[in-house]
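J.: I am attaching a structure below and will ask some questions about it afterwards.
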Amino acid sequence: MIDDGTRVMPEPEATGTQRNAAGPGSRPGSPSPKSIAAWVLVGLVGAIGWGVLALSRGEDISAAWLLAAALGSYAIGYRFYSRFIAHRVLKVDKTRATPAERLDNGVDFHPTDRRVLFGHHFAAVAGAGPLVGPVLAAQMGYLPGTIWIVVGVIFAGAVQDMVTLFFSTRRDGRSLGQMARDEIGPVGGAAALIAVFAIMIILLAVLALVIVNALAHSPWGVFSIGMTIPIALFMGFYLRVLRPGRVTEVSLIGVALLLLAIVAGGWVAESSLADTFTLEKETLVIWMIVYGFLASVLPVWMLLAPRDYLSTFMKVGTIALLAVGVFIAMPTLKMPAVTDFASRGDGPVFAGSMFPFVFITIACGALSGFHALVSSGTTPKMIQKETQVRMIGYGAMLTESFVAVMAVITACILEPGLYFAINSPGGVVGTTVESASQAVTNFGFAISPEALAQAAKDVEETSLLSRTGGAPTFALGMSEIFASVIGGGSMKAFWYHFAIMFEALFILTTVDAGTRVGRFMLQDTLGNVHTSFKDVSWKPGVWLASAVVVGGWGYFLWVGVKDPLGGINQLFPLFGIANQLLAAVALAVCTTLLVKSGRLKWAWVTAVPLAWDATVTLTASYQKIFSEDVRVGFFAQRDKYQAGIDADKVLPPAKNMDEMHTVVTNATVDGVLCALFAVLILIVLADAARTCFKAISNPESTKLAEVPWTESKIVAPAGLFPTAEEKAELAAAGLDSGGGHVKEPVAR
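Quick note: the sequence shown uses the numbering used here, first residue 894, plus one each step.
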């Protein structure tokens, strides 16, 4: 059955220690009447919420109904669908040692308390996407984006994250690209390795640019976020050296220090130290590169895991308070359920019809390929038990989706006229409140110049016009909700600038974790050439791969900061499509592994979202390459600006002929890369289909690159709170709720 790390297809019925693989509660008895009543109530809450949203015909709808629909759906999805996948499809095995246990070296492999690891994983995957993508998609109305966010995460995004984490855990934490090479084949694997690494560099540079723009000239943000580093180092040493296992204790200390750092940031901004913490963009780029490198090479317990865990308190806490604020203030959704832009495809925020571009724009809130990199990067090297993949993989993604729902609400409670004035480019709305008011009126929404000026004054900004990218809109909506509950209009400016700092913290954790994941990916790839790199903690490999990764995204970031049309600004239009193409790779790998491991009847779990994602993303790629609409097609844009050059005419946003040439170059590069990525993904899909067909037609020859089963000597709960059976196990082993190693395996 198992020989030298290569496992043939398992028998239909597992034996021995695998009989109880599903863990506590995997074969539950009949649910109690109270449990049935509770879940019926949850289902009704979600159904009523959806009913109100779907049946509204122009009347005012409270944002609380949108929250009710989302929360009810998440609860049902996690309780039933994720449980089905974990125990019926994957058959998670609590008796099987994870790579964190078997390969523990205190650097990259380190068994980590599930609560801390949940914080790390959530912080690593929750970047700019769930905050800004839904805001931009609100151009189409609140309903299309909300439906995709909720339905997409339950059946696609959270499934991808959990299944990828499971299969990577069974393969010593191998990266997505390496799993593709090992399981699909050398051709599809090579295409996946190239596509995944290139896309990773683009994604990290884009995320880093958002952070730089948010923190530039913001002493409050720089101080508060900078202080999270020494706080995290303290927490890491506290858990490792001073008080091992005292997660609750260190959490309380860390949260108190974090809140102090946030408040102190406001003091610093008003003090003589403000100039010291007021940094230019170029300085921020250098510091970010240095930080990214250190976060990649230092032991994971020292900085990365505790910092992500710490930031999760602020992220989840802020979003939870925002949700409470919605239920208290009951703001009205002012954006229509569906706007005319959904069918016309000529929206000022982004061009393109609802299908496929809403699904591309939202990305991280529903399905994100970047998540698969973390699920096959840092997290599988730190997870204590296979049974925890449900809480960490599926649960963290549901949490991120909830962030996206809150982003939809913050955008849609604003007056549509204000929303479009903020998110439309300067070439559309002009530079004055009068021109913006007229432009918005032409869209079919009305807002006066005085209202636009007052909105900026309320948050102490000189102007809110053309503050594109989504982040300012989220901050403004967040300030509206919080000010309605605490402090009134006089607190709007405070809450607005707090939200801007919050967004920067939200995104930074994806850059540090992403750099480490990129390092793992590069080491796995180089390991195919030189075996020393297969040891991802081998110091020369660690330093070299880290330098290459930060050098890659750091270069594009540096040039982008120096040149508004260069560097990562050149590749920014590829962000959404590249991320979703990455999801297609992850789902293709997961589907292939389900088929190869004898789970053919359950392969639809990942095959259906794969089919949807491939259809959406390849359609978007086709339109971006071949569309004759200059606002959509890369090559159409190139031809337009080339014609301008030939006619010796400067076209906006270019300001001179040199910038005209730059726009032509950028559009050409984007078009070529978009086509290249699409071709690479098609190669991966074709090779995956070939491998699946071979596994189905000749199962005896099918082999898996899965490590041999080893009995676990760790006892730890599967979920956030231990079940009664898990409490008994922990007590028998003399362990607290965090779990840990035992000298001898506890009888099960």
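In this text, a Cβ means the ideal position worked out from N, Cα and C, and glycines have one as well. Being a predicted model, the structure only gives us computed values, none of them experimental.
Who are the near neighbours of P1466 in its chain, counting only those whose CB is closer than 7 Å to its CB and skipping five residues on each side?
T.: Your numbering for residue 1466 matches position 573 in the sequence shown. Within the same chain, P1466 has close Cβ partners D1563.
J.: What residue from S1165, A1030 and D1541 has the CA that sits closest to G859's CA?
T.: Given a span of 894 to 1641 for the chain in the structure shown, any question on residue 859 remains unanswerable.
J.: Mapping the DSSP letters down to three states, classify R950 as helix, strand or coil.
T.: For the purposes of this step, residue 950 is identified with residue 57 of the sequence shown, where counting begins at 1. DSSP places R950 in coil when its eight states are reduced to three.
J.: Is the stretch 978–990 touching the stretch 1288–1299, taking contact as three or more C-beta pairs under 8 Å?
T.: Segments in contact, no.
J.: Pull the bridge partners of V1608 from the DSSP assignment, please.
T.: If you number the sequence shown from 1, residue 1608 lands on position 715. Note: V1608 sits in a beta bridge opposite G1633.
J.: The alpha helix (DSSP H) spanning Q1463 covers which residue range?
T.: Position 570 of the sequence shown, counting from 1, holds the residue named residue 1463. From DSSP, the alpha helix (DSSP H) with Q1463 extends over I1461 to L1464.
J.: Is T1325 helix, strand or coil when you go by DSSP?
T.: Taking the sequence shown and counting its residues from 1, the one referred to as residue 1325 is at position 432. Coil at T1325, not helix or strand.
J.: Let me know the secondary structure DSSP gives T1005 once reduced to three states.
T.: Taking the first residue of the sequence shown as position 1, residue 1005 is located at position 112. Reduced to three states, the DSSP call for T1005 is strand.
J.: Can you tell me which of A1624, N1335 and G1210 puts its alpha carbon nearest to the alpha carbon of D1239?
T.: Locating residue 1239 in the sequence shown gives position 346, counting from the first residue. With distances taken between Cα atoms, D1239 lies closest to N1335.
J.: Counting C-beta neighbours from all protein chains within 10 Å, is the total for M1072 16 or more, i.e. buried, or is it exposed?
T.: On the sequence shown, residue 1072 is found 179 positions in, with the first residue counted as 1. Counting Cβ neighbours within 10 Å, M1072 comes out buried, since at least 16 surround it.
J.: How long is the line joining the alpha carbons of D1629 and L1623, rounded to whole angstroms?
T.: Taking the first residue of the sequence shown as position 1, residue 1629 is located at position 736. Taking the first residue of the sequence shown as position 1, residue 1623 is located at position 730. Approximately 6 Å between the Cα atoms of the pair.
J.: Determine the DSSP secondary structure at K1432, reduced to helix, strand or coil.
T.: Numbered from 1 along the sequence shown, position 539 holds the residue referred to as residue 1432. Residue state, collapsed to three classes: helix.
J.: Express the C-alpha separation of I1285 and A1149 in angstroms, rounding to a whole number.
T.: Translated into the one-based positions of the sequence shown, residue 1149 becomes position 256. Translated into the one-based positions of the sequence shown, residue 1285 becomes position 392. Whole-angstrom Cα-Cα distance: 25 Å.
J.: Pick from R1063, A1571 and P1079: whose alpha carbon is nearest that of T991?
T.: Position 98 of the sequence shown holds residue 991. The shortest C-alpha separation from T991 is found at R1063.
J.: Taking three-plus beta-carbon pairs below 8 Å as touching, is the stretch 1193–1212 in contact with the stretch 1012–1021?
T.: With the cut-off at 8 Å, the stretch 1193–1212 and the stretch 1012–1021 touch.
J.: Within 10 Å of its beta-carbon, does N1591 have 16 or more other beta-carbons around it, so buried, or fewer, so exposed?
T.: Working through the sequence shown from its first residue, we reach residue 1591 at position 698. By the 10 Å Cβ count, N1591 comes out exposed.
J.: Among residues of its own chain, excluding the 5 on either side of T1499, which ones have a beta-carbon nearer than 8 Å to its beta-carbon?
T.: Start at 1 with the first residue of the sequence shown, and residue 1499 comes out as number 606. Excluding positions up to five away in sequence, the list reads V1052, Q1053, V1056, L1480, C1483, T1484 and L1487.
J.: Does M1394 pass the burial test, meaning 16 or more other C-beta atoms within 10 Å, or should it be called exposed?
T.: For the purposes of this step, residue 1394 is identified with residue 501 of the sequence shown, where counting begins at 1. Result: buried.
J.: Residue ranges of each alpha helix (DSSP H) run of no fewer than 4 residues wholly in the stretch 982–1053, ordered along the chain?
T.: Complete alpha helix (DSSP H) runs here, min 4: 992–995, 1007–1018, 1022–1030 and 1035–1045.
J.: Between which two residues does the alpha helix (DSSP H) carrying W1113 extend?
T.: On the sequence shown, position 220 is the one that residue 1113 refers to. Residues P1112 to F1130.
J.: Taking its Cβ as the centre, do 16 or more other Cβ atoms sit within 10 Å of S1594, making it buried, or is it exposed?
T.: Walking along the sequence shown from the start, residue 1594 turns up at place 701. Exposed, because fewer than 16 other Cβ atoms sit within 10 Å of the Cβ of S1594.
J.: From the DSSP output, which residues share a beta bridge with I1276?
T.: Counting from 1 along the sequence shown, the entry for residue 1276 is found at position 383. DSSP output for I1276 lists T1005 as bridge partner(s).
J.: Between which two residues does the alpha helix (DSSP H) carrying I978 extend?
T.: Numbered from 1 along the sequence shown, position 85 holds the residue referred to as residue 978. It is not in any alpha helix (DSSP H) - I978 carries neither H nor E in the DSSP assignment.
J.: Would you tell me roughly how many angstroms separate the C-alpha atoms of G1627 and F1426, rounded to the nearest one?
T.: As a position in the sequence shown, residue 1627 is number 734, starting the count at 1. As a position in the sequence shown, residue 1426 is number 533, starting the count at 1. Roughly 39 Å between the two C-alpha positions.
J.: Do we get a CB-CB distance below 8 Å when we pair M1120 with the residues of chain D?
T.: In summary, chain D is missing from the structure at hand, where a single protein chain is found.
J.: Helix, strand or coil for T1225? Go by DSSP, reduced to three states.
T.: In the sequence shown, residue 1225 corresponds to position 332, counting from 1. Note: T1225 maps to strand in three-state DSSP.
J.: Return the chain-ordered list of same chain residues with a C-beta closer than 8 Å to the C-beta of I1470, the five sequence neighbours on each side being excluded.
T.: Taking the sequence shown and counting its residues from 1, one reaches residue 1470 at position 577. Closer than 8 Å at the Cβ level, and outside the excluded window around I1470, lie I1253, T1510, A1513, S1514, K1517, C1567 and F1570.
J.: Note down, in chain order, each residue of its chain lying with its Cβ closer than 6 Å to the Cβ of S1246, except the 5 sequence neighbours on either side.
T.: Locating residue 1246 in the sequence shown gives position 353, where the first residue counts as 1. Around S1246: G1238.
J.: Using only the heavy atoms of the ligand FAD, determine whether one of them is closer than 7 Å to the beta carbon of M1072.
T.: Looking at this structure, you won't find the ligand FAD or any other ligand, since it has none at all.
J.: Could you check whether V1140 and G1631 sit closer than 8 Å to each other, using their CB atoms as the reference points?
T.: Position 738 of the sequence shown, counted from the first residue, corresponds to residue 1631. Position 247 of the sequence shown, counted from the first residue, corresponds to residue 1140. Contact flag set, yes.
J.: Count the other CB atoms, across all protein chains shown, that sit within 10 Å of the CB of D1580; report buried if there are 16 or more and exposed otherwise.
T.: Position 687 of the sequence shown, counted from the first residue, corresponds to residue 1580. Buried, by the Cβ-count rule.
J.: Three or more C-beta pairs closer than 8 Å, one from the stretch 1084–1094 and one from the stretch 1375–1390: is that the case here?
T.: Touching, no, given that fewer than three Cβ pairs across the two stretches are closer than 8 Å.
J.: Which residues in the same chain have their Cβ closer than 6 Å to the Cβ of T1418, if we skip the five residues on either side of it in sequence?
T.: Taking the sequence shown and counting its residues from 1, the one referred to as residue 1418 is at position 525. These residues qualify, in order along the chain: L1086.
J.: What whole-angstrom Cβ distance do L1151 and F1116 have, given they're in contact under 8 Å?
T.: Mapped onto the sequence shown, residue 1151 falls at position 258. Mapped onto the sequence shown, residue 1116 falls at position 223. Not really, about 13 Å apart at Cβ, beyond 8 Å.
J.: Look at the Cβ atom of L1177, then the Cβ atom of I1400, and state whether they are nearer than 8 Å.
T.: On the sequence shown, position 284 is the one that residue 1177 refers to. On the sequence shown, position 507 is the one that residue 1400 refers to. Contact: no.
J.: Kindly list the residues whose CB is nearer than 8 Å to the CB of D997, restricted to its own chain and excluding five residues on each side of it in sequence; keep chain order.
T.: Counting from 1 along the sequence shown, the entry for residue 997 is found at position 104. These residues qualify, in order along the chain: H1003 and P1004.
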